[in-house]
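Residue numbers (mature numbering (1 follows the signal peptide of the UniProt record, and there is no 0)): -32 to -1, 1 to 565.
The C-beta atom is built at its ideal place from N, Cα and C for all residues, glycine as well.
Given the structure is predicted, the values throughout are model-derived calculations rather than measurements.
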């Protein structure tokens, strides 16, 4: 087996309702719907067979590169204030994948298509499965690299893969290997300061690993000085050699105050964006417990939530008085969560729009270009349907459709099945003909699983907690009087706190309200409403939300005039003081559509 000598990532800087059983919501595949046309779906494969993925891993194993470190980056030396790349768990203990089932190995191997190994790029980072197809990691592990062409992700094992002397993988130790479909790194990330160091990789299909959740934006308790946090990774175990740990390790680190971090790191530490943890390093391996090279992108966990992402520290990790520095997840969950729940029709990180023409009942998708929509797919005849919602109930990374049949009110879930490259339709609600509103806002209950909302004829709002497979737990009521609203929409997080919200418009006066999600059902799923606009039916006869249309990491709103002009209101991530920006015209031809997803 090759020794892992990868000088992997971690840029290091200078020293220094009771619940009521949902009798009408079915959880079995009973009564198939009338077949409806589906578009041909090309699976978002990694464009690489298993052998190619294994080759990438082997290239990475043999590599000697540092993620996020360009040739101009200097190594840490006494008195230096220039950021330098270096990132291990020294002083930790081995652990099992059962204890951390969400851990992921990120291998990047680019041989440049040549026989010469001197020009190869190879490195390793850690990551955490935060949804079935989503890996949370550090931006310095992702930005500037083509993970679709050169990356591989291994989940489901605590062991690094065994590689023979010829560079072939001989054992994945029960793990599974996957390519990368697409990547996102925080647009605010700056390599020079290693600021806003957070990213998400999207896999082409769901993995079996149990996800772990990110913390929320309002979390302060997890960052209180002295709080015990756990870091996980396969990084270096000593400052004296570059070998990775063959087995997953963990260490318990106390959270440090911003003051202590600033004293140690000076202006390199950016309060609010970063958090440091651990006791001051001793200057050697003895007495030091810290993350190091190879741990980059791995999670810092408090109470089963990710509160930090391994980001940077000092070269060789043990300089006296130094702390490891982590990206503060609470600060960036607002911009990151939309990437965790970012399914769209063509897979480019921008929410698309499904529509049906009134004249022919033909369904179409239009692809977002950020400030306009381009022609998409023809979905065929959708007669006999009076509601279509875009969602992803099984969190497999492919957008689903939830629709209601006009004749009997039955609600169906049409979803793509990757393994068979087919669409499957399933009845999920029986006789919802009198439901005045149905919404698929995303995760309302705070468990990262998409939920469903409906308003009954009496005006009661019901939340159906999703189980992540198109079935639902017992419904929970949230208030009454919801029939006052002629528009009730939601798809994602409008306020930047990582929780799904709702937008409602009063039928009588046109007042538009924001219901900020609280990420729970017990004690109330939404905060008291806040008025954000006045839009009468004469102003907009249709309002819809399909996610992040602009691609900036915030959920947006679409509104159509009676004349057919469609406007985009981009989300600002603010609950007050302007939840949406000034409108942007998306075209004037939308009068012909009677359903907007």
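Take residue 560, set aside five residues on each side of it, and the residues of its chain with a beta-carbon closer than 8 Å to its own are 325, 326, 327 and 532, in chain order. The beta carbons of residue 98 and residue 181 sit closer together than 8 Å.
Within the DSSP bridge table, the entry for residue 485 names 494 as partners. Scanning the region 380 to 412 from its first residue to its last, the whole beta strand (DSSP E) runs of 3-plus residues come out as 390 to 397 and 405 to 410.
For residue 305, the enclosing alpha helix (DSSP H) has its first and last residue at 297 to 308. Around the beta carbon of residue 192, a 10 Å sphere encloses fewer than 16 other beta carbons of the protein chains shown; the residue is thus reported as exposed. Taking all protein chains shown into account, residue 172 has 16 or more neighbouring C-beta atoms within 10 Å of its C-beta and is therefore buried. Cα atoms of residue 480 and residue 455: separation of roughly 9 Å, rounded to the nearest angstrom.
Closest in C-alpha terms to residue 86, from the list 143, 118, 340 and 27, comes 27. Between the region 373 to 388 and the region 401 to 408, the count of Cβ pairs shorter than 8 Å is three or higher; the stretches touch.
Nearest Cα to residue 428 within the set 477, 448 and 415: 448.
Secondary structure note for residue 429: its beta strand (DSSP E) is the uninterrupted segment 429 to 432. Sixteen is the threshold: since fewer than 16 other Cβ atoms of the shown chains lie within 10 Å of the Cβ of residue 80, the residue is exposed. At a Cβ-Cβ threshold of 8 Å, residue 168 and residue 308 count as neighbours. Distance from the CA atom of residue 314 to the CA atom of residue 415, rounded to whole angstroms, is 26 Å.
Boundaries for residue 109: no beta strand (DSSP E) harbours it, and the DSSP string shows neither H nor E there.
In the three-state reduction of the DSSP assignment, residue 454 falls in the strand class, which pools E and B.
Scanning the region 108 to 175 for uninterrupted alpha helix (DSSP H) segments of 4 residues or longer gives 115 to 118, listed from N- to C-terminal end. Contact check for residue 329 against residue 319 fails: the beta carbons are separated by 8 Å or more.
Below 8 Å, enough C-beta pairs join the region 15 to 26 and the region 118 to 127 to call them touching: three or more. Residue pairing of residue 349 in beta bridges, as defined by DSSP: 330. Spanning the alpha carbons of residue 488 and residue 354 requires a straight line of approximately 30 Å.
The alpha-carbon separation between residue 64 and residue 179 amounts to approximately 15 Å. In the three-state DSSP reduction, residue 367 falls in the coil class, being neither helix nor strand. The alpha carbon of residue 19 has as its nearest neighbour, out of 144, 505 and 96, the alpha carbon of 144. The beta strand (DSSP E) runs lying completely inside the region 487 to 555 and spanning 3 residues or more are 498 to 502, 510 to 515, 524 to 528, 534 to 537 and 552 to 555, given in chain order.
Within a 10 Å sphere around the beta-carbon of residue 385 sit fewer than 16 other beta-carbons, which makes this residue exposed. Around the CB of residue 419, 16 or more other CB atoms lie within 10 Å, so the residue is classed as buried.
Here the C-alpha atom of residue 29 lies approximately 11 Å from the C-alpha atom of residue 88. Residue nearest to residue 433 within the set 342, 445 and 512 is 445 (criterion: CA-CA distance). Here the region 100 to 111 makes no contact with the region 211 to 225; the two share fewer than three CB pairs at distances below 8 Å. Secondary structure note for residue 273: its beta strand (DSSP E) is the uninterrupted segment 273 to 280. One alpha carbon belongs to residue 232, the other to residue 35, and they sit about 24 Å apart. The Cβ-Cβ distance between residue 485 and residue 468 falls below 8 Å. Under DSSP, residue 325 forms a beta bridge with 561.
Per DSSP, residue 360 is not a residue of any beta strand (DSSP E), being assigned neither H nor E.
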